[in-house]
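In order, the protein sequences belong to chains A and B. With the working numbering applied, the first sequence covers 1 to 99. With the working numbering applied, the second sequence covers 100 to 588.
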Amino acid sequence: MVENGYLALAAVLFALGGVGVLLRRSPLISLMCVELMWNAANLAFVTFARMHGNMDGQVFAFLTITVAAAEAAIGLALIVLLFRRREHVDVDDVHSLRG
Amino acid sequence: MPIDLSSVNPNLLIILPPGVLAVFALVVLVLDLYSQEKRWLAGLSLVGVLLSLVALWFASRPGAVPPGDYFGRMVTADHFTFYMVAVLLVAAGLVILFSMDWVPRRLPKVQVEYYELVLFATLGMMFMAASRDVTLIYLGLELSSQASYILAGLLRNDPRSNEAALKYFLNGALASAVLLFGLSILYGLTGTTYLPEMLVALGQAPLPLLVTAMVFVIAGFGFKVAAAPFHLWAPDAYEGAPTPVSGFFSMAPKAAAWAAVLRVFLEGLSIPQVMDKWSVLYAVLSASSMLIGNLTALWQTNVKRMMAYSSVSHAGYILVGVAAAARAPEVGAGAVLFYLLSYILTNAGIWAALVALENQGEGTEMADFRGLAQRNPALAWSLLLLFVSLIGIPPTVGFFGKFFLFRAGVQAGYVWLAVLMAINSAISVGYYYAVVRNMFFEKTEKPRLELGSSLQAVVALSVLAVLVVGLGSSPVIQYAEAALGLLGR
Chain A
1 MVENGYLALA AVLFALGGVG VLLRRSPLIS LMCVELMWNA ANLAFVTFAR
51 MHGNMDGQVF AFLTITVAAA EAAIGLALIV LLFRRREHVD VDDVHSLRG
Chain B
100 MPIDLSSVNP NLLIILPPGV LAVFALVVLV LDLYSQEKRW LAGLSLVGVL
150 LSLVALWFAS RPGAVPPGDY FGRMVTADHF TFYMVAVLLV AAGLVILFSM
200 DWVPRRLPKV QVEYYELVLF ATLGMMFMAA SRDVTLIYLG LELSSQASYI
250 LAGLLRNDPR SNEAALKYFL NGALASAVLL FGLSILYGLT GTTYLPEMLV
300 ALGQAPLPLL VTAMVFVIAG FGFKVAAAPF HLWAPDAYEG APTPVSGFFS
350 MAPKAAAWAA VLRVFLEGLS IPQVMDKWSV LYAVLSASSM LIGNLTALWQ
400 TNVKRMMAYS SVSHAGYILV GVAAAARAPE VGAGAVLFYL LSYILTNAGI
450 WAALVALENQ GEGTEMADFR GLAQRNPALA WSLLLLFVSL IGIPPTVGFF
500 GKFFLFRAGV QAGYVWLAVL MAINSAISVG YYYAVVRNMF FEKTEKPRLE
550 LGSSLQAVVA LSVLAVLVVG LGSSPVIQYA EAALGLLGR
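Shown next as structure tokens:
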């Protein structure tokens, strides 16, 4: 079945995104990896919607795309704020709060 | 003349409380453009919250809205919805009230944006609590989270605020991606996003996939409620975020996330094969949250950070009720709902005191509490009472909250967890006492600490509620337990 291929792709994308968030230190790359995980979930939703023959999953995917766009806007704004303060952005340098 | 509501479309009535709040949020946003004086807009936001409560009262009267689902099964009318929406609105009202003096001092350029974001976050939370469809629960969660990220970073020129916002954002975004993936698997297994239908369809689903989805969902919500080991963002976010915003975080978004947890797990994932599994997982999370939260809180020197770890440990206490709810739904979930209310009412006063310190240009370190009993005896004694409530000593509301959780744990067979909760309450005396010692037994040269009328109101309401709701807890817990009678069965 062709759907299984899409589901496998979704799982791989999700895993790649997860590994990326954990390993990369740049908040920008982290954000991109989280977006990858989101889109993996979207792909799964759309594939499942086709398998079940109803629209719930597609509706959910559409809403998630909108949410992800808003989230990216906020995330980029926060990263720009940090970037203005320092020359380069690295999550290891962001450590004035500790405990 | 009594108003006859039977002719009004119940669809309109059930959406009225969030509707009123949304209208006020938009009106305040527009008036901001034309008004030089911003302070009255804070009052207007508060009026919006109060009117929303009034609308909720109308909608929740018997017969006004028959129990069931409205708006294409998106919004649910039941006691659970009414109770949680009321709790969230109370939290939002208290937050707006204790921010009124702080915002003009620290955020002079973005005053109205602050109230705006609090209102929109509350709106998202109301939908989280009011829906039985994971689509709307997820959207509500995102609306409230995204408003919260911005709130955390509102102090634009303070690097600590930037850092708090970034950490909160990255962790929150990761959590919501994990949650979303779990929900997509659940949808794949059942073909629906509506929880009661999901419950029916889950019987045929293969168990390994179902457990995988469940673990994703638990991890996603675990981040949002800051249960250990998913709590690492919380101390940094609480310490760096503007103080009233940290107070908001500790009260409202968590309560909404707990409501969503109860909905999803009791209405959607309550088939016997998985119930045992999530119950045990939540019990483990509960034990780790209590221990990690309390033991780390002992070493903190910043009170905001201490309160963050304290909130992690309180998430652990609440998880006792969630774990118990798998085996004794009414008692377990009823105890959780009551504890949410008690935690919000108690926390409001403590955060108001922190805000008061910042209003006088002081910090929120442990040392800033030195000699508070000299500087403002009424506030110091109020704080003592509120800490007593957080520890769980009678006759405060915190004691009754813990008692109901304890009872639920024992009834569900989690005696070890209930005992661990009692031990942890004893540990928590250590760090609350550190603040009390500073307040009462240290001398200071600082002048009297003035609260201002709105902060006084919050502290007074908080103290009053801690005493009154505690002693009069039986109707509240009965309502909270009855809320579950309509939930999914």
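Even glycine gets a Cβ: it sits at the ideal position worked out from N, Cα and C. No experiment lies behind these values; they were computed from the predicted model shown.
- In terms of CA proximity to Gln459(B), Leu548(B) leads the group Gln372(B), Leu548(B), Ser488(B), Ala220(B).
- Under a criterion of Cβ atoms nearer than 9 Å, no residue of chain A is adjacent to Asp168(B); the nearest Cβ is some 15 Å distant.
- Look at Gly448(B) here: in three-state DSSP terms it is helix.
- Glu241(B) reaches chain A at Val67, Ala70, Glu71, counting residues in chain order whose Cβ is nearer than 8 Å.
- Collapsing the DSSP output to three states places Thr400(B) in coil.
- Using a Cβ-Cβ cut-off of 8 Å, Leu250(B) does not count as an interface residue toward chain A, since no Cβ of chain A sits closer than that to its own.
- Counting along the chain, the unbroken alpha helix (DSSP H) around Tyr248(B) starts and ends at 233-251.
- Non-local beta-carbon contacts of Ser410(B) in its own chain, meaning distances under 6 Å to residues more than five positions away in sequence, involve Ser349 in chain order.
- Val514(B) counts as exposed, since fewer than 16 other C-beta atoms from the protein chains shown sit within 10 angstroms of its C-beta.
- Two segments are said to touch when three or more pairs of C-beta atoms, one from each, lie closer than 8 Å; by this definition the segment 431-439 of chain B touches the segment 498-507 of chain B.
- In the structure shown, Gly167(B) falls within a strand segment according to DSSP collapsed to helix, strand and coil.
- In the displayed model, Glu541(B) falls within coil according to three-state DSSP, outside both helix and strand.
- Taking all protein chains in view, the Cβ of Gly167(B) is surrounded by fewer than 16 other Cβ atoms within 10 Å, so the residue is classified as exposed.
- The Cβ atoms of Gln245(B) and Glu71(A) sit closer than 8 Å to each other.
- Rounded to whole angstroms, the gap between the alpha carbons of Met224(B) and Thr543(B) is 42 Å.
- Contact between the segment 321-335 of chain B and the segment 265-277 of chain B is present: three or more C-beta pairs spanning the two stretches fall below 8 Å.
- Residue contact with chain A for Asn393(B): absent (no Cβ-Cβ distance below 8 Å to any residue of chain A).
- Among the bridge pairs identified by DSSP, Ala176(B) is matched with Gly167(B).
- By the Cβ-count criterion, Lys545(B) is exposed, with fewer than 16 other Cβ atoms from all chains shown falling within 10 Å of its own Cβ.
- At a cut-off of 8 Å between C-beta atoms, Leu97(A) counts as an interface residue with respect to chain B.
- Counting the other CB atoms within 10 Å of its CB gives Gly53(A) a total below 16, which places it among the exposed residues.
- Secondary structure of Glu580(B) (DSSP, three-state): helix.
- For the pair Leu294(B) and Leu115(B), the Cα-to-Cα distance works out to about 23 Å.
- Here Thr66(A) is exposed: its Cβ has fewer than 16 other Cβ atoms, across all protein chains shown, within 10 Å.
- At a cut-off of 8 Å, the C-beta of Asn4(A) has no neighbouring C-beta in chain B.
- A straight-line Cα-Cα distance of about 29 Å links Leu285(B) and Gly512(B).
- Assignment of beta-bridge partners to Tyr293(B) by DSSP yields Asp232(B).
- With a threshold of 16 other beta carbon atoms within 10 Å, Glu3(A) falls short and is exposed.
- Minimum Cα-Cα distance from Ser247(B) among the listed residues Gly319(B), Ser144(B), His330(B), Pro341(B) corresponds to Pro341(B).
- Not a single C-beta of chain A is nearer than 8 Å to the C-beta of Asn446(B).
- For the options Gly497(B), Ala581(B), Ala358(B), Trp480(B), the alpha carbon positioned closest to that of Val535(B) is the one of Trp480(B).
- In summary, Phe280(B) is buried, with 16 or more beta-carbon neighbours lying within 10 Å of its beta-carbon over all protein chains present.
- The way I'd put it, the segment 206-224 of chain B doesn't touch the segment 38-47 of chain A; fewer than three beta-carbon pairs between them come closer than 8 Å.
- Listed in chain order, the non-local C-beta contacts of Val528(B) below 8 Å within the same chain comprise Ile490, local neighbours out to five positions each way being set aside.
- DSSP places Glu136(B) in the coil class of the three-state scheme, outside both helix and strand.
- Taking the Cβ atoms as the reference, Met465(B) lies roughly 6 Å from Ala533(B), within the contact range of under 8 Å.
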